[in-house]
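Residue numbers (our numbering): 6 to 623.
Note sheet for the following structure.
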Amino acid sequence: MSFDPTNLLLVLLAALAGGWLARRLGYPSILGELAAGIVLGPPLLGVLSTDDAIAVIGKLGVVLLMLYIGLHLDPSSLGKASRPGLLASFGGFVVPAALGFGLIMLIDGDAIAAAFVAVAMGVTSLATKSRILVDLGILNTRIAHVLMAGALFSDIAALVLFAALLGLAATGTIALSGILATVAKAVLFLGGVWLIGGWLFPKLGPLIARRKFDPSVLFISVVGIGLAFAAAAEAAGLHGILGAFLAGLFIRDGVLNHSQLGAVEARARNVSVGLLAPVFFVTAGFKVSFEVFTDSFLLVVAVVVLAPIGKIIGTALFYLPSGYGFREGVAVGAGMNGRGAVEIIVAEIALTAGIIDARIFSILVFMAVFTTATVPVLLTRSIEWLRRRGELVADDRNGILFVGAGPVSLRMASLLAERHPVTLIDTNPDHGRAAARQGLAFIKGNALDEEVMDEAGAADAKSLVVVTPNAEVNLLAAQLAKQRFGIPAVYATMPDEASQSMLRLLDDLGGELLFGRQVDLADWDVAVAHRTVVDLSYELADPEDVVRSAARSTNRSTLSSLPLVVRSDSSVEVFSPERRVREGDQVLALGKASDGWSARVAGGSESPGLSVPRSPAQ
C-alpha cells in the first residue's frame, strides 16, 4: 500500500482551509473541501494527489460520517410536520429524479446509470437548511418544520434506494432473477438489522446505563457496531454506508441514554466530520473534469437547470393536497434544493464502481455546488414573498422554558414574561422562591429528566434558554430539547473554558450560543445578586454591525455588557447575534458598574461598538 505522509498532511490542510472558508461564506464545509480538491488537485494545479492510504482513510471517513448522521438524526422528526412534510419530500424527490432519469436515458440509454443520477438529483440535504432557517429567524414556523422533516425523509429514502441500486448493478443485469436475488439479500439484511437493533439493543440499554462506561469505551464500541453493520450490508450486496447509518439510528434509540449519546456523538463528529470525512470530499474533487464544459456543455446546463426547477415544481405540486397553498409549496421547494454530503457520496461510489463515468460524476458535482450555493438566495426571496403576503404561518407552539433559575436567568425571564408565558426549571428551592417573588412559574426538578420537561410543557414550548454554569449539562439539555421534544429555538450559555468541540456540538444540534459569546455565568450571577450591575438599553441605529460587534468581542477587559433580549414595538425576544433586527429595536442588557458602566451612563459617552446608552431600562 502506497503512503506519502507529506501528501496526507497537505490534503488535511487543504480540507481544513477549504471547509473554514466555506463556513465563513455561509455554506456547508463540504463545498469548500470539494473546491480545495478541484483547485489544488489534478483538475487544476496538481499540487495534491491521492494514494492507497488516503483512499482508505476517505472510505473509513464516509462510513463513520454515516454512523454519525444516524446517531444525530431523530426519526421522530418525520412526524412533526406530518402529512405536509411527507408530501413535500415525496414530490421534491420524485420529480427531479424522474427528470434526471429521463435525461440520462435519452443521452446514454444506460438504465442503471440513469437511476443513480436520478437518486443524486432527488436527494436534499438536512445540514444545509438549519443555519439558513436560523438566519432568517423562521425556526418557529410551519415551513421550517416541513423543510426539516422533508429533508430527513429525502436523505433516508436516497440511502435505501442507492443501496438497492448498487445491489442491482452488482448483478450486471436487470433480469428478473437478478432483481429477486438482490431483493432477497436486502430483505435478509434489513430483517437481521431490525431484529438486532429493535429487539436486542433496547435490552442492552439499561445494562450499559448501570455500568457507567467511560465515554471513550462507548465510542469505540459504537464504532465497532457501525463497522459490523457496514460489513453485513456489504455482504448482502448493499453498500456499507447504509449499514453504518442504520447502526447509528438503532444505537441512538435503543442503547444510549441522553448523557451517553451526547458524549459519543461529540466524539463521532470530531473524528468523522472534523478529520476523516474531509479527506474523502477533497479527493472527490480530484475526480472532477472541466472537459464536460466543452464536451457536454448542454448536458451540464440541462442537469444544473432541471435539478432546482424539478425540485421546486415537484414540491409545490405535491404540496397542494396539504391545503397550505402553492406559494408555500414553492418556498418549501426552494429550501429543499441544496444537495450535500449524501449526493456527493452517492456520486463518488457510483463512479468508483464504474456505474457512471467521470463526465457524469463531474456534472453531478457541479450540480451539487450550484444548487447548494443558490439555496440561501432562493429561500430568502421566497420567505420574504410569503411574509409580504401575510402567508408565513407560525406554528402553534408557545412559551419559553428556562433551565436554571439563577439571578441572570431570572432577569431575562422577567423581561421575556412581558410578552411570553415563561417557566423556569431548577433543582434549587431558593431559586424557586426567588422566581415566585417575581410572579414566574417554577418547576423544581432536573431538566435532564424527560418527565420534568414534560411537566414544564416542553412539548408545546417554542424556545428553550439554558442558563447554568455547567457546559455538559447545558449541552445535554439542548440535545434533549431538540431531539426528544423538537423545540425549534434553543439557546445555551457556555463558560469561557468550554472547548471548541462543545461549541461545534451545540451548533450541530441547531442551538445558539446564548449572549452571542462564551460567558463566565457564575461571575455575572454574583454581580446581579450583589447589585453591582446596571440595566442598559440600546436603540440600534445600525443593527447588523452593532449587535455583532457587541456579541463577538473576545477581550475580557471590554466585556462589560451582557445582552439579554431584543425589544421591538410588537415583541420581546431572546438576544441573538444571528437574528435580524431592525432600526429602532432595543437591546436590553446588563452592565457591570465596577467596570465603569456607571460613569459611562452618567456621562453619556459612547462605548466601543455600541450606540449611546440610554437611561437604565428600569
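Note that the Cβ used here is the ideal one computed from N, Cα and C, for glycine as well.
Predicted, not measured: the structure shown is a model, and the values here were computed from it.
For this session: State whether the stretch 62-78 contacts the stretch 330-345, with contact taken as three or more CB pairs (one from each stretch) at a distance under 8 Å.
Result: no
Exercise. Going by alpha carbons, who is nearest to E348 out of V128, A116 and A102?
Worked result: V128
Exercise. So is G328 buried or exposed if we call it buried at 16+ other beta carbons inside 10 Å?
Worked result: exposed
Problem set entry | Secondary structure of A336, DSSP reduced to three states | helix
Problem set entry | E353 in three-state terms, based on DSSP | helix
Problem set entry | Inter-residue CB distance, G521 and S581 (contact presumed, cutoff 8 Å) | 7 Å
Exercise. Okay, do the stretch 496-509 and the stretch 419-439 touch, 3+ Cβ pairs below 8 Å being the bar?
Worked result: no
Exercise. Nearest-angstrom Cα distance between A4 and V570?
Worked result: Lying outside 6 to 623, the shown extent of the chain, residue 4 is not represented and no answer is given.
Problem set entry | Integer Cβ distance of G105 from A123, believed to fall under 8 Å | 4 Å
Exercise. Should the stretch 37-51 be regarded as contacting the stretch 274-294, the criterion being three or more beta carbon pairs within less than 8 Å?
Worked result: yes
For this session: Give the secondary structure of K628 by DSSP, where H, G and I count as helix, E and B as strand, and everything else as coil.
Result: Because the chain spans 6 through 623 in this model, residue 628 falls outside it and cannot be assessed.
For this session: Flag this pair as yes or no: are the beta carbons of A497 and V470 separated by less than 9 Å?
Result: yes
Problem set entry | Beta-ladder partner(s) of Y543, from DSSP | V592
For this session: Count the CB pairs spanning the stretch 258-274 and the stretch 473-481 that are closer than 8 Å, and state whether there are at least three.
Result: yes
Exercise. The ligand ATP heavy atoms versus the CB of G90: any closer than 8 Å?
Worked result: The ligand content of the structure shown is nil, which means the ligand ATP is not present either.
Problem set entry | Bridge-paired residues (DSSP) for I405 | V427 and S468
Exercise. Can you give the Cα-Cα distance for V472 and G404, rounded to whole angstroms?
Worked result: 17 Å
Exercise. Near A378, what residues of its chain come up, given a Cβ to Cβ distance below 8 Å and the 5 sequence neighbours on each side ignored?
Worked result: Y32 and L36
For this session: For the alpha helix (DSSP H) containing K449, list its first residue and its last residue.
Result: No alpha helix (DSSP H) contains K449, which is instead part of the beta strand (DSSP E) from A446 to K449.
Problem set entry | Cβ neighbour criterion (16 or more within 10 Å) applied to T563 | Because the pLDDT at T563 is just 44, under 50, the model does not fix this residue reliably, and the value given afterwards should be weighed accordingly. Exposed: under 16 other Cβ atoms inside 10 Å.
Problem set entry | Backbone secondary structure at S294 - three-state DSSP | coil
Exercise. From A463 to L111, what does the alpha carbon distance come to, in whole angstroms?
Worked result: 52 Å
Exercise. For S504, which of W204, A163 and A476 has the nearest alpha-carbon?
Worked result: A476
For this session: Identify which residue in P568, A355 and D525 has its Cα closest to the Cα of Y543.
Result: P568
Problem set entry | Alpha carbon of L421 to alpha carbon of E396, nearest angstrom | 26 Å
Exercise. For G23, which residues of its own chain have a beta-carbon under 6 Å away from its beta-carbon, when the five flanking residues on both sides are left out?
Worked result: G37, E38, A40 and A41
Exercise. Taking C-beta to C-beta, are Q443 and A418 nearer than 9 Å?
Worked result: yes
Exercise. With distances taken between CB atoms, is the gap from R364 to I492 smaller than 9 Å?
Worked result: no
For this session: Would you grab the beta carbon distance between V305 and F371 for me? Rounded to a whole angstrom, and I think it's under 8 Å.
Result: 6 Å
For this session: State the start and end residues of the unbroken beta strand (DSSP E) segment that holds S277.
Result: Note, S277: premise wrong, no beta strand (DSSP E); not H, not E.
For this session: Name the two residues that bound the continuous alpha helix (DSSP H) containing S581.
Result: Neither: S581 is in no alpha helix (DSSP H) and is coded neither H nor E.
Problem set entry | 9 Å Cβ cutoff met for H244 and A236 | no
Problem set entry | First and last residue of the uninterrupted beta strand (DSSP E) at V570 | S566 to R572
Exercise. DSSP on V192, reduced to helix/strand/coil?
Worked result: helix
Exercise. Looking only at C-alpha atoms, which of L519, V52 and F331 sits nearest to G319?
Worked result: F331
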